[in-house]
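Per the numbering used here, the sequence shown starts with residue 197, numbered consecutively.
Backbone N, C-alpha and C define an ideal beta-carbon position, used for all residues, glycine too.
Quick caveat, the model's predicted, so the values are computed rather than measured.
Following: one structure in structure tokens, then a few remarks.
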Amino acid sequence: MRVYGHKGTGSDLDKPLSCSSSELVYPISNYNEGEFQAALNKFSPSGWTPIGLALREAKNDLASFDGANNTNIVYLVSDGIDTCEDQPIEAAKDLYSSNISPIINVIGFDVDNEGQNQLREIAAATEGIYGTVTNEGELQKELDNLSNLVEQWKEWLEQGKQQLDYKKVNNELDIFTYITREEVKKTNEKVKVELILYRLHNANRFNDEAYEYLNKINNEYHQWIQEEVDQFEKELKALNEASYSEAIKALEDKYISNTQ
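Here it is in structure tokens:
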């Protein structure tokens, strides 16, 4: 267990001290309830919130536990946003992409909307799970789940699939919007050409045979454009589906490798 921002107060005068404070109060070892509780009672919430510092220090704490041989889970608990301007999202990404390869789960403790947005962003940047608690009992329940690693990975897998589903649907909507816009452009262009040909024909600028020929060319050209648009739509949908399937497989492979 590592605490952060626990020194000093929330005053501007104490900000340098608070923003540079992070302490490992219970080292990585076999769990002893009495020792853990004693460590927990040594500090109380105060000061500023250096989330980035805490995550960088967590990377040091786990440096000897590579992800290839260990299942590492980091729980970040915060009651609000980072107030020390120490780049918490970049620190989370750096921890996640290191050889430690941890699951980084984030718990917002009675946080406001601004705090939730930042904490969700940290979780999303590391493919982690975000949850909120409003009291000590709910927090304890979340922490009790730490011992069940299989359930942790199941939750990680489920949330990962939900995020991929959301991304796939958004891509489908973007494809629909793009294709519809191209079809409207094609139709408008075709109608404008038809109108120009009609007016020129009525003004006796060319005969019936030329008018029919030009209309035929106009129809064939815009039919070709429609076929190209249809083909591009198929390709975009296929790419979206392939990307989704590959991402789902990567999630499931990681889940299997960590639960078997």
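If the five residues before and after residue 418 are omitted, its C-beta is found closer than 6 Å to the C-beta atoms of 382 and 386, all from its own chain and listed in chain order. For residue 200, the closest of 264, 234, 279 and 266 by C-alpha to C-alpha distance is 279. Secondary structure at residue 305: strand, using DSSP grouped into helix, strand and coil. Sorting 226, 315 and 292 by C-alpha distance to the C-alpha of residue 263 places 292 at the top. When C-beta atoms of the stretch 271-285 are compared with those of the stretch 242-252, three or more pairs fall below 8 Å, so the two segments count as touching. Counting only runs of at least 4 residues, the stretch 275-325 fully encloses the following alpha helix (DSSP H) elements, listed from N- to C-terminal order: 284-292 and 309-321. Note on geometry: alpha-carbon atoms of residue 366 and residue 320 lie some 16 Å from one another.
The beta carbons of residue 296 and residue 268 sit about 5 Å from each other, so the pair counts as a contact at 8 Å. Check the Cα spacing between residue 440 and each of 396, 207 and 364: the tightest is with 364. Excluding its 5 nearest sequence neighbours in each direction, residue 203 has C-beta neighbours in its own chain below 7 Å: 213, 214, 217 and 243, listed in chain order. By the Cβ rule, the stretch 349-358 counts as touching the stretch 438-453, because three or more pairs are nearer than 8 Å. Around the C-beta of residue 452, fewer than 16 other C-beta atoms lie within 10 Å, and the residue is accordingly described as exposed.
Scanning its chain for C-beta atoms nearer than 8 Å, with the 5 sequence neighbours on each side dropped, one finds around residue 206 the residues 214, 242, 243 and 244, in chain order.
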